[in-house]
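Engineer: Using the numbering used here, the letters of the sequence shown map in sequence onto residues 599 to 800. Every residue gets a Cβ at the ideal spot worked out from N, C-alpha and C, and that includes glycine. Okay, handing you the structure first.
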Amino acid sequence: MTADYEQVKNEFLSGKIENCETFFEKNKYFVEAGYCNIISDNLARAKYLFEQTAESDTRAKWGLFLISLLTDQINIFPTYFEIRNFLEIDLNILIQYYKADYVEKIIKYSDFMAYYNPECYKFIGRTFWANNLMPAAMFFLRKAKDKLYNDPELHYLLGYIYYYTENNTEKTQKALNTCLNILPDYYPAKNLLQIIENNKRL
């Protein structure tokens with residue numbers, strides 16, 4: 599990949615789509631051009647671009663699945679690793695570009711994707727958490743906890759929300775202690791507990 603490619607890709611990922619599509623198509627970066635077309639609401643063109651490399655590019659194959667979700671025409675199915683590698687990234691891109699309708703389309707199929715990878719609830723919840731959309735984050739993280747109770751990160755993220763959004767120290771400590779019972783050296787949980795203790799002394 600060239601320095602120009604990296605620059606344009608970073609511009610796209612930071613919400614500056616202008617001229618990105620032209621660069622990607624001209625240089626035959628079909629997957630990246632496909633994503634530009636999703637943001638521009640040209641799903642038919644995005645599908646065409648993904649099809650150019652779907653047989654050899656896992657990202658393009660996932661792109662076709664993403665189009666099937668956005669058009670309510672599911673005719674291909676995701677793999678465990680595709681969901682793990684791409685779902686969170688794509689949701690973040692769509693939130694970055696204020697594509698709430700597309701985000702809603704994707705999460706509508708969360709139960710469907712959970713059949714292929716039960717961690718999808720966690721990925722969705724973590725994306726909302728990272729974008730400070732806490733009620734939505736809480737909803738999906740709780741769903742994830744029902745499926746994956748022994749995932750320490752889930753309990754930490756819930757504890758974080760309890761503390762910084764709900765100001766509920768009791769629930770925070772309970773969630774963090776559960777996290778540390780599963781993984782005693784989980785640093786973010788230990789650090790947040792220390793912050794709570796320090797604040798009590800003030």
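Taking the alpha-carbon of F663 as reference, which of P716, E680, S654 has the nearest alpha-carbon?
Structural biologist: The shortest Cα separation from F663 among P716, E680, S654 belongs to E680.
Engineer: For a test of the three-state rule: what should DSSP assign to P676, helix, strand or coil?
Structural biologist: Reduced to three states, the DSSP call for P676 is coil.
Engineer: Look at the alpha carbon of I687 and the alpha carbon of N789, and state the distance between them as a whole number of angstroms.
Structural biologist: Roughly 27 Å between the two C-alpha positions.
Engineer: When you compare the segment 700-715 with the segment 661-678, are there three or more beta-carbon pairs, one atom per stretch, that lie closer than 8 Å?
Structural biologist: Result yes; three or more Cβ-Cβ pairs closer than 8 Å.
Engineer: List the endpoints of the continuous alpha helix (DSSP H) containing E653.
Structural biologist: Careful: E653 lies outside any alpha helix (DSSP H) and carries neither H nor E.
Engineer: Does the contact criterion of 3 or more C-beta pairs under 8 Å hold for the segment 651-665 versus the segment 715-722?
Structural biologist: Too few Cβ pairs lie closer than 8 Å, so no.
Engineer: With distances taken Cα to Cα, identify the nearest neighbour of R682 among A631, E604, R657.
Structural biologist: Selected option, being the one with the closest Cα: R657.
Engineer: Are T767 and I794 close, meaning C-beta to C-beta below 8 Å?
Structural biologist: Yes, the Cβ-Cβ distance between T767 and I794 is below 8 Å.
Engineer: Evaluate T725 with the Cβ neighbour count: other Cβ atoms within 10 Å of its Cβ, from every protein chain shown; 16 or more gives buried, anything less gives exposed.
Structural biologist: Classification of T725: buried, given that the 10 Å Cβ count is 16 or more.
Engineer: How would you write the range of the alpha helix (DSSP H) that S708 sits in, first residue to last?
Structural biologist: Its alpha helix (DSSP H) spans residues 708-714.
Engineer: How many Å lie between E604 and F621 at the Cα?
Structural biologist: Their backbone Cα atoms lie some 11 Å apart in a straight line.
Engineer: So, using beta-carbon positions, are I665 and F648 closer together than 8 Å?
Structural biologist: Result yes, Cβ atoms of I665 and F648 sit closer than 8 Å.
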